[in-house]
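Taking it in order: structure first as structure tokens, then the write-up.
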Amino acid sequence: MVRKKLQDICTEQMIKRLEEVGYYILERLNVLIKLTALSLLKGMEFKEQVKLLNSIGLKPKEIAEILGKSAVNVRVALHHIRKQKSESQKVHQYKEENGRE
Numbered sequence: 016m017v018r019k020k021l022q023d024i025c026t027e028q029m030i031k032r033l034e035e036v037g038y039y040i041l042e043r044l045n046v047l048i049k050l051t052a053l054s055l056l057k058g059m060e061f062k063e064q065v066k067l068l069n070s071i072g073l074k075p076k077e078i079a080e081i082l083g084k085s086a087v088n089v090r091v092a093l094h095h096i097r098k099q100k101s102e103s104q105k106v107h108q109y110k111e112e113n114g115r116e
């Protein structure tokens, strides 16, 4: 009985320590991701930065954290990017349908 309780306590302590280590590793990885992203985005316009980060699967909140902007700014930029893409596709389709390229 005492041995079982001791095992449970040790297991709980090990789990807690693993969670702490895991959290620390995640924090470090997030810093590395941000630094890498910032170096890749240097000299790009805000919309281009948002477009690139979105294309690799980051969410607006994550993009905002990396760029030091609000999530609202990022969502607005994404809306404009998608709208522009949609309009561009319509123009391309119109040109194809009318034999112009």
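Just so you know, we're using the numbering used here here: the sequence shown kicks off at 16 and counts up by one.
No residue lacks a Cβ here, since even glycine has one placed at the ideal position from N, Cα and C.
- Leu-67 places its beta carbon 9 Å or farther from that of Leu-53.
- Separation of Lys-62 and Val-91 (C-alpha to C-alpha, rounded to the nearest whole angstrom) is 10 Å.
- For Lys-74, there is no enclosing alpha helix (DSSP H), as DSSP marks it with neither H nor E.
- Annotation: Gly-72 to Gln-22 spans about 42 Å, alpha carbon to alpha carbon.
- Straight-line measurement puts the Cα of Asn-45 at about 26 Å from the Cα of Gln-28.
- DSSP, reduced to helix, strand and coil, places Asn-113 outside both helices and strands of the structure shown, so it counts as coil.
- Secondary structure of Met-29 (DSSP, three-state): helix.
- A direct Cα-to-Cα measurement between Leu-33 and Gln-64 gives close to 35 Å.
- Taken through DSSP and simplified to helix, strand or coil, Gly-37 comes out as helix.
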